[in-house]
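Down below is the structure, laid out as structure tokens.
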Amino acid sequence: MAEHGNLGCEYDESFFKDVRINLPAVKRRAAELGSRRTVKKHWQADWQLRAVTCIDLTTLAGDDTPSNVSRLCFKAAHPVSTDVLKMLQVDHKEITTGAVCVYPNQVTAAKESLKMVGKPSIPVASVATGFPCGQTALAPRLEEIKYAVNDGATEIDIVINRTYALAGNWKGVYDEVRQMKQACGSAHMKTILATGELGSLNNVYKASMVCMMAGADFIKTSTGKEGVNATFVVALVMIRAIRDFLQRTGIRVGFKPAGGIRTAKDACVWLSMMKEELGDEYTNPRLFRIGASTLLGDLERQLYHFATGVYPSVVEMPLG
Amino acid sequence: MAGSAGVGILASDELCYGSAAESESVARLWLDKHNKCFGQFVNGTWNKTEGRATVDVKKPTTGEKLATVLKANDEDIAFAADNSKQAFKSWSELSGHARAQHLYSIARNLQKHQSLLAVVEAVSSGQPTRETRGLSAPAAIRYFYHNAGWAGLMEEQMRGWKPYGVIAIVVPAWLPLVQMAGKVASALAMGNTVLVIPPASDPLSCLLLADICSQAGLPAGVLNVVTGADVMRVAAKDGLDKIVFAGSASEGKALRQMTAGSGKDLSLEMFGRSSVLVFEGADLDSAVEGIVEAAFFNSGQTFYTGSRLLIQETVYKAFVQKLKARIYKLTVGDNLDKNVDQGPLLDDQTFSCVASLVERAKAEGAEVVQACDLSTVRQNSFPPTLITNVQTSSEIYLKEVLGPIVVAVPFRTVKESVTIANHTPFGLAASVWTEDLTVALEVAALLQVSTVWVNGHHMYDAASGTGASKASGFGRTGGKEGLYEYVKPSWQNRLIFDGEVDKKFGSASSPNLLPGAQVASGGSSGDGPGVDKTYKLFYGGGQKRPDSGASRPVLNRGGTVVGYVPDGGRKDIRNAVEAAVKAVGSWSKKEGHGRAQIMYYLAENLESHKEEYAALLSTMTGQELSSSAQEVQQAVQRLFYWAAYCDKYGGDLQETPFSGFTVKRHESVGTIGIVCPDEAPLLSFISLMAPAISRGNPVIAVPSGKYPMAALGFQQILETSDVPAGVVNILTGDSDVLARALAEHHDISAVWYFGSEAGSRYMEFASAGNFKRTWVNYGVSRDFSSPEQGQGPEFLYQATASKCIWLPMGTIFAN
Numbered sequence: 001m002a003e004h005g006n007l008g009c010e011y012d013e014s015f016f017k018d019v020r021i022n023l024p025a026v027k028r029r030a031a032e033l034g035s036r037r038t039v040k041k042h043w044q045a046d047w048q049l050r051a052v053t054c055i056d057l058t059t060l061a062g063d064d065t066p067s068n069v070s071r072l073c074f075k076a077a078h079p080v081s082t083d084v085l086k087m088l089q090v091d092h093k094e095i096t097t098g099a100v101c102v103y104p105n106q107v108t109a110a111k112e113s114l115k116m117v118g119k120p121s122i123p124v125a126s127v128a129t130g131f132p133c134g135q136t137a138l139a140p141r142l143e144e145i146k147y148a149v150n151d152g153a154t155e156i157d158i159v160i161n162r163t164y165a166l167a168g169n170w171k172g173v174y175d176e177v178r179q180m181k182q183a184c185g186s187a188h189m190k191t192i193l194a195t196g197e198l199g200s201l202n203n204v205y206k207a208s209m210v211c212m213m214a215g216a217d218f219i220k221t222s223t224g225k226e227g228v229n230a231t232f233v234v235a236l237v238m239i240r241a242i243r244d245f246l247q248r249t250g251i252r253v254g255f256k257p258a259g260g261i262r263t264a265k266d267a268c269v270w271l272s273m274m275k276e277e278l279g280d281e282y283t284n285p286r287l288f289r290i291g292a293s294t295l296l297g298d299l300e301r302q303l304y305h306f307a308t309g310v311y312p313s314v315v316e317m318p319l320g
Numbered sequence: 001m002a003g004s005a006g007v008g009i010l011a012s013d014e015l016c017y018g019s020a021a022e023s024e025s026v027a028r029l030w031l032d033k034h035n036k037c038f039g040q041f042v043n044g045t046w047n048k049t050e051g052r053a054t055v056d057v058k059k060p061t062t063g064e065k066l067a068t069v070l071k072a073n074d075e076d077i078a079f080a081a082d083n084s085k086q087a088f089k090s091w092s093e094l095s096g097h098a099r100a101q102h103l104y105s106i107a108r109n110l111q112k113h114q115s116l117l118a119v120v121e122a123v124s125s126g127q128p129t130r131e132t133r134g135l136s137a138p139a140a141i142r143y144f145y146h147n148a149g150w151a152g153l154m155e156e157q158m159r160g161w162k163p164y165g166v167i168a169i170v171v172p173a174w175l176p177l178v179q180m181a182g183k184v185a186s187a188l189a190m191g192n193t194v195l196v197i198p199p200a201s202d203p204l205s206c207l208l209l210a211d212i213c214s215q216a217g218l219p220a221g222v223l224n225v226v227t228g229a230d231v232m233r234v235a236a237k238d239g240l241d242k243i244v245f246a247g248s249a250s251e252g253k254a255l256r257q258m259t260a261g262s263g264k265d266l267s268l269e270m271f272g273r274s275s276v277l278v279f280e281g282a283d284l285d286s287a288v289e290g291i292v293e294a295a296f297f298n299s300g301q302t303f304y305t306g307s308r309l310l311i312q313e314t315v316y317k318a319f320v321q322k323l324k325a326r327i328y329k330l331t332v333g334d335n336l337d338k339n340v341d342q343g344p345l346l347d348d349q350t351f352s353c354v355a356s357l358v359e360r361a362k363a364e365g366a367e368v369v370q371a372c373d374l375s376t377v378r379q380n381s382f383p384p385t386l387i388t389n390v391q392t393s394s395e396i397y398l399k400e401v402l403g404p405i406v407v408a409v410p411f412r413t414v415k416e417s418v419t420i421a422n423h424t425p426f427g428l429a430a431s432v433w434t435e436d437l438t439v440a441l442e443v444a445a446l447l448q449v450s451t452v453w454v455n456g457h458h459m460y461d462a463a464s465g466t467g468a469s470k471a472s473g474f475g476r477t478g479g480k481e482g483l484y485e486y487v488k489p490s491w492q493n494r495l496i497f498d499g500e501v502d503k504k505f506g507s508a509s510s511p512n513l514l515p516g517a518q519v520a521s522g523g524s525s526g527d528g529p530g531v532d533k534t535y536k537l538f539y540g541g542g543q544k545r546p547d548s549g550a551s552r553p554v555l556n557r558g559g560t561v562v563g564y565v566p567d568g569g570r571k572d573i574r575n576a577v578e579a580a581v582k583a584v585g586s587w588s589k590k591e592g593h594g595r596a597q598i599m600y601y602l603a604e605n606l607e608s609h610k611e612e613y614a615a616l617l618s619t620m621t622g623q624e625l626s627s628s629a630q631e632v633q634q635a636v637q638r639l640f641y642w643a644a645y646c647d648k649y650g651g652d653l654q655e656t657p658f659s660g661f662t663v664k665r666h667e668s669v670g671t672i673g674i675v676c677p678d679e680a681p682l683l684s685f686i687s688l689m690a691p692a693i694s695r696g697n698p699v700i701a702v703p704s705g706k707y708p709m710a711a712l713g714f715q716q717i718l719e720t721s722d723v724p725a726g727v728v729n730i731l732t733g734d735s736d737v738l739a740r741a742l743a744e745h746h747d748i749s750a751v752w753y754f755g756s757e758a759g760s761r762y763m764e765f766a767s768a769g770n771f772k773r774t775w776v777n778y779g780v781s782r783d784f785s786s787p788e789q790g791q792g793p794e795f796l797y798q799a800t801a802s803k804c805i806w807l808p809m810g811t812i813f814a815n
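Chains A and B, in that order, are what the protein sequence lines are. If you use the UniProt record's numbering, the first sequence closes out at 320, no skipped numbers anywhere. If you use the UniProt record's numbering, the second sequence closes out at 815, no skipped numbers anywhere.
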């Protein structure tokens, strides 16, 4: 991706106005994703390690403090224990998560912790713009982005204005996201569609297109706070939009499912969907991230099992 | 990728799936248990008679020999048929509930062995395990659960029907497990015993199914399986009451001709290609996935493969581009590998047929897009293939070949799409892709097929019938509609006929057309010539002179000429069929209420002429005037009866597990040729004509050869009752000649023949030309005055064809 990522394009309704998404048909495709392709044995370990590198290791809670944020950052720097990596003969590889993802107020703490653990290159992502609901005026939402960037966040996860989206005011959504992109500066912008609140798959597609036109570097399914999080059904629609946008503009936009992804098996299906629907370049952290907090634990556990043939107890895995 | 030691993390950008082979061990265990050698499964045991020829069952991917089965000879077939006949006595005597318990037990046991079923089907047929696990095995089980219910409800829901007896079920080589399960479950539920003829090259899953049924406690002999048998030799055996055939059109044709007139009923479903229609208002990406399902499921080897792809011109380019990109992602290889989308074709023959077809298309300038190069795939595999740059006249579009090829052609309007899709003698299934409800419903209604999926393809459930229309046959599998393949009216006895088809039947008109005695008139002789009522043929809404320009005398019982009727022939049939074909569209689409009004009007007008018709009947037949009056009265009543049914048999909603609606429509069959019997010459004519037009079928009726005047005279009633031109056409002449002309006309969709045994035989024989439905009496008379024999569900069944329309629903996925 270029220095400033997706520069976006002019608002153009023809990108999405004729879209027709058929939910039952998308459901059928979603249901077979995990059965048309599968990955086993050492190939599976490969995929699991890849999944680790795609995780935006996340904590977004009211009781976040520097101590748990620091614990998160140390884990992001060493997501899989060295013993296991040795057994897998990949201990020479630089394996970290894709980023850590925190609230704006924790960006400073995160930056410091990463420096402390010797991995300052791991990006700190910050949610912003009145996350998770976005129900504040535009000015403070933009201000929040600048604050986080100023503190050192290099990736910003914004939420879109669902009030506009549900009213069909797509130009309004575009204009806001465009300004947010400007506020991000050189930080990469991930736009959270909060798909669980968009009402229809047609709206999911439209929101995807509008955000990409406005300069989104990633489009992201959900905040993790809506009733429905990252599902394969929603993902297929967003991925189709990414494909269509690429075809029209030549710009590659990344995809980030977030919320509810907890198992290593699921993570492999997500990777497989990216590979099948978009291609291999979309299976690495440059264009694919998984927003998750507990997924890493299961991936580590499965890798341990592959390396040793034994399922570890939870306490045998370093706490993250 | 494969074989790399350790983990290759970050070695490259590419993540490889590696191989994920399904274990065959469960199938191997089962084969070993039988020492890889199977006898005929008859009377609950494996019958291995010494000295029989054997057939090697091979694994399609490698050619490896999996097992040996015996080739049945005539003696084996006879033994099995006799055994089935014996078992029928006790099986049909069981209560519906007892049969339900047996079927339920089978379903439970199949479920227990679901994995075994899926793996055996995959190993022996080459179908990907993803499909056998995901679709075939669960579908087979579901058929038994669903039909266990029908067994229990038979007495209530199928009142007036009884089992045939012994049914031979010929299982095709495509998806044999599902095919066998669907048909066997319904047959057993209705109280028949079954003789299964599995595909010669791949009988293993059929044998396994029988093995499990037996272990589930199904009484010995109720389900027998005969391997390696010649279908024609089986069909020729005595002791069979019906043959249910699914397979190729050529075999179906031979079977139809061979069994003609034998009294063995025949159900036909013959494979062909189906259409997929993509409209501009469709979810194009989902439609692309739909094509992957439609065209490449089991390498395109199914009864309902959607391999003719009709795309609206406005989205043609965009859609083809998306489809191409998708096809490149499909994988071909070992069907037991979970990462393989498509396994091998059935055999060398299928492969060379498909390969040469594609080669010829290329030579003609077609653009061919394939998932991978043909040279890179293993034995007998053929990559998923998209053909563009061809037209509806291209060989590759027309040829009825099963394989993983999809041929795309553009269309301009909705109307044109329907015309193109229907422009084939065959009719199986179709899918319609659009988000526009009005387009979807109209197209679904207009397509001449048995199944229409809206925004989907290959959706099946035991509660909904699939089957064939037009020249693809007329059989149904699944749903209540599927049960009618396995029952016959309770009052009917088993009919067995020997003899050959008289190929000259009806080819020459009988003489006796020279001037004879004067017509007996009401006045006493010597009063001068009576008033000669001149009858004409009636078709296209008007009176027509016969092409022959000749008349036939009608004699009364005493041999006196009581009138003359026109001597119609083949050319008159041709004209009448043209008239009827013109009427098909508007009459079948006319709303039920409108048809009912016309039929009530017919009844009213007949009633007002009742004395006239009673007198005419008595003059011809010599029966008492009071009997004739009663016959006319009954005819009026029957018109009322069928007028009532005009708007009360439209179909119903089927309870499939899919979210949405599965609608079964009872549609018209098409133009029906009716040859009326001599008994009750007016009532029989009305009893046959009325249900046909009630359910939207135009009719070409040939009145009783002996006493034609009353039925022919009915034209005056038709003319005064607003019946649209071409809906009822009445032709007199030599009944045999007219019947033959009807049976041989390919625009006639069904023939109802109530005449001689020889005539019945010829009707069935000649129907093989376009596989029209036949309903014949084998020369046995029927009491049209009894409600049981003269009206009711049998007539409804014959006058309609079911079509299932799948309408998945849903937009709500979250808040």
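The beta carbon of each residue, even a glycine, is placed where N, CA and C say it ideally should be.
Measure the CB-CB distance between residue i and residue j and report whether it falls below 8 Å.
i: V159 of chain A; j: A110 of chain A; result: no
i: residue 378 of chain A; j: Y205 of chain A; result: With chain A running from 1 to 320 in the structure shown, residue 378 of chain A is simply not present.
i: V449 of chain B; j: L428 of chain B; result: yes
i: V432 of chain B; j: V454 of chain B; result: yes
i: A471 of chain B; j: P425 of chain B; result: yes
i: V102 of chain A; j: D64 of chain A; result: yes
Since residue i is in the alpha helix (DSSP H), which residue starts that stretch and which ends it?
i: T191 of chain A; result: Where T191 of chain A is concerned, there is no enclosing alpha helix (DSSP H), although the beta strand (DSSP E) it sits in stretches over 188 to 192.
i: Q48 of chain A; result: 41 to 53
i: H305 of chain A; result: 295 to 308
i: Y164 of chain A; result: 162 to 167
Provide the residue span of the beta strand (DSSP E) that contains residue i, from first to last.
i: C804 of chain B; result: 800 to 808
i: E155 of chain A; result: 155 to 159
i: L223 of chain B; result: 223 to 225
i: residue 832 of chain B; result: Given a span of 1 to 815 for chain B in the structure shown, any question on residue 832 of chain B remains unanswerable.
i: K533 of chain B; result: Segment: none, K533 of chain B is in no beta strand (DSSP E) and carries neither H nor E.
i: T249 of chain A; result: Element bounds for T249 of chain A: not the beta strand (DSSP E) but the alpha helix (DSSP H), 232 to 249.
i: N729 of chain B; result: 728 to 730
i: G660 of chain B; result: 660 to 668
i: S551 of chain B; result: 551 to 555
When DSSP builds the beta bridges, which residues end up paired with residue i?
i: P410 of chain B; result: B:I311
i: Q40 of chain B; result: B:N47
i: G306 of chain B; result: B:S274
i: E367 of chain B; result: B:T388
i: F218 of chain A; result: A:K190, A:G254
- Item | In chain order, each beta strand (DSSP E) run of at least 3 residues that lies wholly inside the segment 419 to 506 of chain B | 429 to 433, 451 to 454, 487 to 489
Residue ranges of each alpha helix (DSSP H) within the segment 80 to 146 of chain A, 4 or longer: 82 to 87, 107 to 116
query: Taking Cβ-Cβ distances below 7 Å as the criterion, which residues of the segment 274 to 296 of chain A are in contact with chain B?
result: K275, E276, D280, E281, T283, N284
With 9 Å as the C-beta to C-beta threshold (strictly closer), list the residues of the segment 356 to 379 of chain B near chain A in chain order. Within the segment 356 to 379 of chain B, no residue qualifies.
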